[in-house]
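Notes follow the structure.
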Amino acid sequence: MAALSAEARSVGLAEAKRLVVKIGSALLVDRETGALKADWLRALALDVAMLKARGVDVILVSSGSIALGRGVLALGQGALSLDEAQAAAAVGQIRLARAYEEAFAPHGITTAQILLTLDDSGDRRRYLNTRATMAALLARDVVPIVNENDTIATDEIRYGDNDRLAANVAVMAGADTCVLLSDVDGLYTANPNEDPSARHLPVVEAITPEIEAMAGDAGSGLSKGGMKTKLMAARTATGAGCAMAIAEGRGLRPVSALDEGARATWFIATLDPQAARKRWISAMKPRGVLRLDAGAAAALGRGKSLLPAGVTDVSGDFQRGDPVRMEGPDGAALGLGLSRYTAREARAIAGHRSDEIEAILGYPARAALVHRDDMVL
1 MAALSAEARS
11 VGLAEAKRLV
21 VKIGSALLVD
31 RETGALKADW
41 LRALALDVAM
51 LKARGVDVIL
61 VSSGSIALGR
71 GVLALGQGAL
81 SLDEAQAAAA
91 VGQIRLARAY
101 EEAFAPHGIT
111 TAQILLTLDD
121 SGDRRRYLNT
131 RATMAALLAR
141 DVVPIVNEND
151 TIATDEIRYG
161 DNDRLAANVA
171 VMAGADTCVL
181 LSDVDGLYTA
191 NPNEDPSARH
201 LPVVEAITPE
211 IEAMAGDAGS
221 GLSKGGMKTK
231 LMAARTATGA
241 GCAMAIAEGR
251 GLRPVSALDE
261 GARATWFIAT
271 LDPQAARKRW
281 ISAMKPRGVL
291 RLDAGAAAAL
301 GRGKSLLPAG
311 VTDVSGDFQR
321 GDPVRMEGPD
331 GAALGLGLSR
341 YTAREARAIA
351 GHRSDEIEAI
361 LGYPARAALV
371 HRDDMVL
């Protein structure tokens with residue numbers, strides 16, 4: 001492997017500010033009995049408490065609802081039909097949420113449940129809603145527990161594995177680090193169970209065709225993600241400025257072990273998440289234009305969000321989440337941003353204070369028309 005470039009971020013959890021941890025079914029649920037591994041979950045709660053004491057935002061992406069539910073419904077170990085899997089998810093999800101709540105409560109940690117499908121990240125409005133909800137939870141020191149919404153998801157709207165879901169959640173939440181806890185301690189040059197000469201790779205700076213060729217399909221009977229899906233997740237995460245690790249998760253307190261230097265494979269991100277997001281926004285084609293007064297234009301220059309009061313004119317036909325160009329009083333381009341309102345709504349609230357929005361639109365809404373995190377100047 002080539003030496004790390006000067007631009008590459010250092011590996012490890014020491015610098016993490018917002019961390020996504022993916023937990024596979026095999027780590028959380030006993031394969032033979034279908035029972036929750038309560039000791040393992042309580043140990044994980046200790047790890048999360050340790051991270052939060054350091055000021056780290058933590059999001060968990062957890063499998064386990066179907067595995068728990070199939071045990072309750074006595075569905076056995078064989079393949080499940082879609083109806084059976086969704087019934088198991090419905091039964092297991094409530095138990096999974098309660099288990100997290102009970103494990104984390106002794107540490108004074110509040111948990112929240114978020115259920116997602118692939119459609120939720122593909123639809124820009126739902127994506128922004130989910131992103132805003134996560135931001136609100138994290139701002140209130142809550143640990144979101146995310147899972148695929150197996151109760152309603154069909155094949156065409158599924159992620160299909162929580163490795164890729166974790167990477168997408170990391171991108172959505174603006175995380176700088178993502179850890180996939182698994183039953184393997186990282187990427188090898190070949191399958192170590194079949195090739196005794198296989199070498200462990202501690203760092204991957206770029207996902208090349210050579211790296212992709214090293215991935216085989218491995219996994220337990222409870223998990224769906226093999227190494228190929230983990231590499232897909234790594235490509236998504238690192239492309240958005242999020243470093244990612246594949247780490248052994250079967251022992252107690254696996255996050256602490258990783259923090260202390262346990263063997264893993266780290267995939268390097270050379271951008272920070274905010275810079276990657278700004279680059280993504282800047283490549284979009286605007287669907288509308290917002291004309292600003294002098295005060296709003298000056299506020300943008302100071303790093304402020306765009307409030308409706310500073311908008312003098314709205315043109316174009318755009319939906320919530322679409323890119324819009326922001327112009328000064330003289331028509332000079334100031335930047336590009338994602339609108340939190342439709343064109344119709346933006347026209348209705350333009351020139352009005354944020355505390356007037358609900359009365360104008362007839363429903364509660366967000367104060368900013370374009371948030372500073374969603375704009376490039």
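When we follow the UniProt record's numbering, the leftmost residue of the sequence shown carries the number 1, and every step to the right adds one. Note that CB positions come from ideal geometry on N, CA and C, so glycine has one too. Computed from a predicted model, the values in this text were never measured in an experiment.
In this structure Tyr127 is buried. Its beta-carbon is surrounded by 16 or more other beta-carbon atoms within 10 angstroms. Taking a contact as a CB-CB distance under 8 Å, the pair Val143 and Ile94 does not count as one, their CB atoms being some 18 Å apart. Pairing Ala49 with Val146, the inter-Cα distance amounts to about 18 Å. Between Ala294 and Ala269, the CB-CB gap reaches or exceeds 7 Å. Under the three-state reduction of DSSP output, Ser282 falls in the helix class. Excluding sequence positions up to five before and after Phe104, its CB lies within less than 6 Å of the CB of Ala45 and Thr111, all in the same chain and listed in chain order.
Between Ala346 and Asp317, the C-beta gap is not smaller than 7 Å, which leaves the two residues out of contact. The three-state reading of DSSP puts Val169 in helix, counting H, G and I together. Rounded to the nearest whole angstrom, the C-alpha separation of Met214 and Leu201 is 11 Å. Between the alpha carbons of Ile114 and Ala296 lies a gap of roughly 35 Å.
Leu231 and Gln77 have their C-alpha atoms roughly 28 Å apart. Listed in chain order, the non-local C-beta contacts of Thr236 below 6 Å within the same chain comprise Ala167, local neighbours out to five positions each way being set aside. Residues Gly34 of the same chain have their beta carbon placed closer than 6 Å to that of Gly71, with the five preceding and five following residues left out of the count.
The Cβ neighbour count for Ser197, taken over all protein chains shown within 10 Å, is under 16; the residue is labelled exposed.
When the beta-carbon positions are compared, Val289 and Glu327 come within less than 7 Å of each other. A Cβ-Cβ separation of about 7 Å places Val184 in contact with Glu248 under the 8 Å criterion. The criterion of a C-beta distance shorter than 7 Å is not satisfied by Ala234 and Ala276. When the beta-carbon positions are compared, Gly321 and Leu307 stay at least 7 Å from each other. Beta-bridge analysis with DSSP links Val203 to Trp266.
Going by C-alpha positions, Lys304 is about 6 Å away from Arg372. DSSP places Gln113 in no alpha helix (DSSP H) but in the uninterrupted beta strand (DSSP E) bounded by Thr111 to Leu116. Inter-residue distance for Leu271 and Gly174 is about 12 Å (C-alpha atoms, whole angstroms). When the Cα atoms are used, Ala262 and Pro106 turn out to be separated by approximately 27 Å. Residue range Pro209 to Ala213 is occupied by the alpha helix (DSSP H) that includes Glu212. Looking at the DSSP output, Asn147 bridges to Leu115.
Cα atoms of Arg353 and Trp280: separation of roughly 30 Å, rounded to the nearest angstrom. By the neighbour-count criterion, in which a residue is buried when 16 or more other Cβ atoms sit within 10 angstroms of its Cβ, Pro364 is exposed.
DSSP, read as helix, strand or coil, puts Pro323 in strand. DSSP places Gly301 inside the alpha helix (DSSP H), whose first and last residues are Ala294 to Gly301.
Assignment of Lys17 by DSSP, reduced to helix, strand and coil, places it in the coil class. Bridge partners of Cys242 according to DSSP: none are assigned. Straight across, the Cα-Cα distance linking Glu205 with Phe267 is about 6 Å. Annotation: the continuous beta strand (DSSP E) that includes Ser315 extends over Val311 to Gly316.
Taking the C-beta atoms as reference points, Met172 is found no nearer than 7 Å to Arg140. One Cα belongs to Gln319, the other to Arg366, and the distance between them is close to 15 Å. Collapsing the DSSP output to three states places Val255 in a helix.
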